[in-house]
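In numbering that gives the first Met the number 0, the protein residues as written are 0 to 373. Here the structure is laid out as structure tokens; the discussion comes afterwards.
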Amino acid sequence: MPQCHLCGSECEHEAKYCAQCGISLNDSGVAQVSPEWAATEEFLDLSKALSSTLDLHLLLRKIDDSAVRLTGGTSGSIMLFDENKTSLHFRSSSGEKASAVRSLPVKDGIAWWTGQNGVAARVDNASESEHFTGAIDKITGFETENLLCVPVTLENDVIGVIEVLNKTDRTGFSEQDEQLLSVLAGQAAVAVKNARLATEQRNFFDHVIEIFVMAMESTLLVPEEHCWKVAKMATAIGRQLKMQEQGLQDLYYAATLHDLGMIKLRERGIVEKNQMESHPILGANMVRGIDMLNGAESIIRHHHEYLDGSGYPDGMVGREIPFGARIIAVVEAYQEAIMDTGSQLIAEIRIEEGCARLFDAVVVDAFLKLIDLG
Ligand SMILES: [Fe+2]
Ligand SMILES: [Fe+2]
């Protein structure tokens, strides 16, 4: 008895549809995915990708690949306008000549016409179209026979186009292909919108961080430029140790704000040395509840912990200490030693001496390599 390859149920030889999942069966009784089902699967997959990542390059590439698969084209691309709308730029391209077109700005031709007018173009014979220039074909050696190009529109503004070229069966693209490509154009617009919102949010947040740094420096308990120096060196160590993007972002925010608690100390008028040791807890409490700083909170709290348990505030030992905090501990100690002694060399020696007992050897190793590189 044949099996449906989608849901695995056994199907009757004579049946036209799988009784379990309802997809059509071919002549030999083996289940096959209908074009509608294939499109549904692609759209579900894209929807999942859109809600799980903000990586615009990756999303546009996925949408481009789906466009080629679903319409039966041999190549496809997504182009977006530059800021002043003077040209379209390839943000994704697939197919045989994909790498050859990527750096080419588009200022004429059918894609340009679609982008300018916000109207889809379905062309069965490219050489007969009044808008076809063949300019890109001349550079890449590709031969465009038929094509389908749809505008990508965001809030009534055309921001780019998505196109597929040369349908494999040479009949030209259908109305159904145009509908599918229009849905994919909508998903490309959502991807662009999400990426823009994330950039705006990040820019806003970076300004807030700058204000925090100014507030810390104004207490006179944090030396000028200290926060930026620690952030720069800590993230360089993180990169050297191949930390993941999210970990690096948490490390950057934690390093920039590691001494945030000094603001609270100054507010209370407390500057005694033993009371200064509460600044990691005060700082961590200040960022609690800010979503973008969730990963930074524990790093801020533990940036003065040492491997042997002699640090503060919790006397954590070894790997109990968050990795980002172990990185900041090294950079913080180095910066403090430079301030104490005025000598970079003595500061380096202090870090080397503290290796294994106070500091994570892997972090110290990466730190010394960075110092050597200058
Ligand atoms: Fe510090
Ligand atoms: Fe500190």
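Heads up, the beta-carbon is just placed ideally off N, CA and C, and yes, glycines get one too.
Pair within 9 Å by beta-carbon distance, residue i and residue j
i              : j                 : result
histidine 278  : glycine 260       : yes
serine 297     : leucine 357       : no
leucine 146    : leucine 164       : yes
histidine 301  : methionine 285    : no
serine 76      : aspartate 63      : yes
glutamate 95   : phenylalanine 131 : no
alanine 125    : glycine 114       : no
isoleucine 208 : threonine 255     : yes
glutamate 87   : alanine 119       : The question names glutamate, but residue 87 in the sequence shown is leucine. No; because the gap between Cβ atoms is not below 9 Å, this pair is not in contact.
valine 149     : leucine 183       : yes
glycine 171    : aspartate 205     : no
lysine 166     : aspartate 176     : yes
alanine 332    : arginine 349      : yes
alanine 38     : isoleucine 161    : no
Any non-hydrogen atom of ligand 2 closer than 8 Å to residue i Cβ
i           : result
proline 222 : no
Alpha-carbon spacing of residue i relative to residue j, whole angstroms
i              : j                : result
glutamate 154  : serine 173       : 27 Å
arginine 287   : isoleucine 280   : 11 Å
alanine 48     : phenylalanine 42 : 10 Å
valine 189     : threonine 139    : 31 Å
arginine 121   : alanine 230      : 52 Å
cysteine 226   : histidine 303    : 15 Å
asparagine 116 : leucine 220      : 59 Å
threonine 152  : glycine 108      : 19 Å
alanine 365    : asparagine 273   : 31 Å
proline 312    : glutamate 276    : 7 Å
aspartate 258  : valine 212       : 9 Å
aspartate 54   : arginine 238     : 19 Å
threonine 218  : valine 361       : 34 Å
cysteine 354   : lysine 192       : 47 Å
glutamate 352  : arginine 90      : 50 Å
threonine 340  : glutamate 216    : 21 Å
serine 46      : glycine 268      : 53 Å
isoleucine 299 : aspartate 371    : 27 Å
For residue j and residue i, believed in contact at Cβ under 8 Å, the rounded distance
i             : j                : result
alanine 253   : valine 330       : About 11 Å separates the two Cβ atoms, so there is no contact after all.
glycine 159   : phenylalanine 80 : 6 Å
threonine 214 : isoleucine 262   : First, the amino acid is wrong: residue 214 is alanine here, not threonine. So it is a contact: roughly 5 Å between Cβ atoms.
alanine 187   : leucine 369      : Incorrect: roughly 40 Å between the Cβ atoms, too far for contact.
aspartate 359 : leucine 306      : 7 Å
serine 74     : alanine 97       : 7 Å
aspartate 168 : glycine 71       : 7 Å
valine 105    : serine 92        : Their Cβ separation, rounded to whole angstroms, is 11 Å, which puts valine 105 and serine 92 out of contact at 8 Å.
heavy atom of ligand 1 below 8 Å from residue i C-beta
i             : result
histidine 225 : yes
glutamine 334 : yes
valine 229    : yes
Any C-beta of chain D under 9 Å from that of residue i
i           : result
alanine 214 : Among the protein chains of the structure shown there is no chain D, as only one such chain exists.
Exercise for the section: With ligand 2 as the reference, list in chain order each residue whose Cβ lies under 7 Å from any of its heavy atoms. Expected result: His257, Asp258, His278, Pro279, His302, His303, Glu331
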